[in-house]
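Numbering (this note's numbering), first residue to last: 13 to 308.
Glycine included, C-beta positions come from ideal geometry on N, C-alpha and C.
From a predicted model like this one, the values you see are computed outputs, not experimental measurements.
Structure first, then comments.
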């Protein structure tokens with residue numbers, strides 16, 4: 013809307029939308045819109061915000077309107093599945109200094125996701141000055157979380173879905189997750205009679221593709237050489253190595269998968285044949301008996 017304002021005018025006809033009926037507004041009541049300095053930022057508020065200040069704001073209910081009035085958003089749902097988001101968590105230093113086992117789960121998740129953990133003053137400063145401040149000046153100290161026992165929940169590495177999708181196919185990642193779980197099992201379990209080196213527990217369904225064979229062979233070595241890296245980071249390294257192979261090299265891994273499949277199939281058939289004559293000779297006799305029944 014464009015209009016000419018003269019000293020004699022005290023009121024204006026204002027219409028917000030093109031087809032809306034205009035209404036009279038006192039010129040003295042007109043003012044510039046509030047700058048949306050928090051636009052594009054989403055906040056999660058956790059715990060008591062009871063730092064010593066004069067704001068009187070101590071909880072999410074009081075801070076939320078200030079964030080919204082400055083163009084920001086407040087996420088109030090469960091953040092356990094929001095690892096791929098880029099939020100800012102607002103809390104207090106007292107919340108971070110609690111016993112690690114008693115710290116709010118939302119704070120633990122935010123720490124795992126590497127979100128900024130800030131004091132409420134970040135929001136209050138933006139509201140007062142109408143300028144987005146440097147977030148580094150408002151980050152809270154995380155020494156208590158950093159120094160938590162290595163087996164504490166805060167140190168569990170979170171694998172983001174975006175990282176999984178970027179490093180290969182979903183089926184490949186499922187296979188690599190299974191492989192990682194096997195590698196982490198105690199040695200006593202690995203020495204059991206029903207493991208990979210023994211007879212197959214069930215009939216092989218299909219040969220592994222070349223990438224799965226390659227990844228299976230590479231994973232243990234890379235995990236040992238890079239203990240500080242997460243599973244997703246190791247997967248990415250494997251994927252990059254695979255892309256660098258020639259077609260002939262990839263073909264070799266494909267043939268290895270087919271050969272292994274044929275070997276396991278032959279072993280399965282041999283065990284089935286043996287069990288027909290003596291069902292109690294194999295530790296998997298229950299499974300094999302069922303297979304024999306379905307085959308007959």
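Given residue i as reference, the closest of the options once Cα atoms are compared
| i | options | result |
| --- | --- | --- |
| residue 88 | 137, 55, 67 and 71 | 55 |
| residue 73 | 65, 45 and 103 | 103 |
| residue 59 | 145, 129 and 47 | 129 |
| residue 282 | 214, 271 and 235 | 214 |
| residue 122 | 75, 30, 166 and 271 | 166 |
| residue 230 | 217, 23, 248 and 218 | 248 |
| residue 243 | 258, 168 and 63 | 168 |
| residue 267 | 225, 140, 111 and 95 | 225 |
| residue 117 | 77, 140, 25 and 57 | 57 |
| residue 63 | 152, 234 and 288 | 152 |
| residue 95 | 119, 75, 81 and 163 | 119 |
| residue 23 | 262, 34 and 236 | 34 |
Pair within 7 Å by beta-carbon distance, residue i and residue j
| i | j | result |
| --- | --- | --- |
| residue 50 | residue 160 | no |
| residue 156 | residue 101 | no |
| residue 220 | residue 269 | yes |
| residue 53 | residue 84 | yes |
| residue 61 | residue 106 | no |
| residue 124 | residue 170 | yes |
| residue 227 | residue 250 | yes |
| residue 47 | residue 114 | no |
| residue 223 | residue 254 | yes |
| residue 91 | residue 135 | no |
| residue 216 | residue 126 | no |
| residue 164 | residue 112 | yes |
Unbroken alpha helix (DSSP H) run spanning residue i, endpoints
| i | result |
| --- | --- |
| residue 247 | 243 to 255 |
| residue 165 | Neither: residue 165 is in no alpha helix (DSSP H) and is coded neither H nor E. |
| residue 227 | 222 to 237 |
(message) Quick check on the DSSP output: what are the complete beta strand (DSSP E) runs of length 3 or more inside the segment 90 to 159, in order along the chain?
(response) DSSP assignment within the segment 90 to 159 yields the following whole beta strand (DSSP E) runs of 3 residues or more, N-terminal first: 100 to 102.
(message) Within 8 Å, do at least three Cβ pairs link the segment 61 to 78 to the segment 29 to 47?
(response) Too few Cβ pairs lie closer than 8 Å, so no.
(request) Taking only runs that begin and end inside the segment 27 to 89, name each unbroken beta strand (DSSP E) of 3 or more residues, in chain order. (result) Within the segment 27 to 89, complete beta strand (DSSP E) segments of at least 3 residues are found at 35 to 38 and 54 to 57, given in chain order.
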